[in-house]
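J.: Just passing along the structure, written as structure tokens.
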Amino acid sequence: MIQDPVLRSGGGGKVVRSRAALELALNVYAAIATAVIVRLVLLALAVDDRIWLGSRVYALTAPLVAPFALLPGGGRVLVAAITLADLTLAAVMLLVPLWLVARHVRQRG
0 MIQDPVLRSG GGGKVVRSRA ALELALNVYA AIATAVIVRL VLLALAVDDR
50 IWLGSRVYAL TAPLVAPFAL LPGGGRVLVA AITLADLTLA AVMLLVPLWL
100 VARHVRQRG
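Reminder that position 82 of the sequence shown reads as 81 in numbering that gives the first Met the number 0, one-by-one numbering, no gaps.
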């Protein structure tokens, strides 16, 4: 039977704070990943930054793409208007949860 973590531990307050922090981190990650996916879709559809949605999404995700644009070949356009920097950011966003799962499995095993 699955029990609430607060009931199983002696220091219930720590578990609740830890769970809340984890949920907050997952929500922030999900919001960032969604913005990156929307950026890729807008770039694939060649949505200009003069349209309000394009300008907002591009402005929000520009700081995330900027470090990857500095890498060699980062500005190279691969598909439609999607650059290597955009795809690298998407790959990093995909690898973060995979790394966390692999780390969790390794600790349990």
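Note that the Cβ used here is the ideal one computed from N, Cα and C, for glycine as well. Here the structure is a predicted model, which is why all the values come from computation and not from measurement.
For my contact list, Val78 and Ala43 are in at a C-beta cut-off of 8 Å; report their separation, rounded to the angstrom.
T.: Right, their Cβ atoms sit about 7 Å apart.
J.: Which whole-angstrom value is the C-beta distance of Ala65 and Gly74, which I expect to be below 8 Å?
T.: Their Cβ separation, rounded to whole angstroms, is 11 Å, which puts Ala65 and Gly74 out of contact at 8 Å.
J.: Going along the chain, which residues of its own chain have a beta-carbon closer than 8 Å to the beta-carbon of Ile31, five neighbours each way excluded?
T.: Correct list, in chain order: Leu63 and Met92.
J.: Return the chain-ordered list of same chain residues with a C-beta closer than 6 Å to the C-beta of Ala34, the five sequence neighbours on each side being excluded.
T.: Only Leu59 and Thr60 meet the Cβ criterion.
J.: Classify Leu6: buried if its beta carbon has 16 or more other beta carbons within 10 angstroms, exposed otherwise.
T.: Confidence is the limiting factor: at Leu6 the pLDDT is only 49, short of 50, which leaves the residue's position unreliable and the question unanswerable from this model.
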